[in-house]
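Notes for the one structure printed next.
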Amino acid sequence: MYFTGVMFCCMPIVPMVLDIVSPLNESRPAVYMFQGEYFLNQEKFYYVILLHAYVSIIVAVTLLLAIDTEYATHVFHSCAIFGVLRYYCNIKQILNICNIYNIHLS
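Mapping the sequence shown onto the numbering used here, position 52 (from 1) lands on 50, and the numbers just tick up by one.
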């Protein structure tokens, strides 16, 4: 998950690297990870907007992983509870059969 987030975060850096490696007569336009209106000069505050996008991606990926992990934990816990219940029901059934036939377990 984090690898995909890092690859997504590298998207705005590609034009800057290409300007150094394979320059054109003019610089390439800035790429934004999210299209949005920040109500300020986006060329002047490009790196602040980029930092905001990076932090947003990290928070989103972390939340997604945390929620999925919590869900998996609840599912495993439920399966374990049902396993204990099945064991308890089997023991109770054996004890009921022993009581019917007057078999003493000791």
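C-beta: ideal position from N, C-alpha, C; glycine also.
Does residue i pass the burial test, meaning 16 or more other C-beta atoms within 10 Å, or should it be called exposed?
i     : result
Ile47 : buried
Contact check, residue i vs residue j under 8 angstroms by CB: the rounded distance?
i     : j     : result
Phe32 : Ala51 : 6 angstroms
Val29 : Met9  : 6 angstroms
Any idea what DSSP makes of residue i, helix, strand or coil?
i      : result
Ala51  : helix
Glu35  : coil
Ser25  : coil
Ile101 : coil
Met5   : helix
Tyr85  : helix
Glu68  : helix
Lys42  : coil
Ser76  : helix
Closer than 6 angstroms by C-beta to residue i: which residues in its own chain qualify, once you throw out the five before and the five after it? Chain order, please.
i     : result
Pro13 : Arg26 and Val29
Leu63 : Met(-1)
Note down the Cα distance separating residue i from residue j, rounded to an integer number of angstroms.
i     : j     : result
Glu68 : Val57 : 16 angstroms
Cys7  : Ser54 : 10 angstroms
Met99 : Thr71 : Per the sequence presented here, residue 99 reads as Tyr, with Met not at that position. The straight-line gap from Cα to Cα measures roughly 43 angstroms.
Asn94 : Gly81 : 20 angstroms
Ala78 : Ile65 : 20 angstroms
Val4  : Ile11 : 11 angstroms
Lys90 : Val73 : 26 angstroms
Leu83 : Gly34 : 53 angstroms
Gln40 : Glu24 : 19 angstroms
Asn88 : Leu61 : 41 angstroms
Can you give me the Cβ contacts of residue i inside the same chain, cut-off strictly under 8 angstroms, excluding the 5 residues immediately before and after it?
i     : result
Val15 : none
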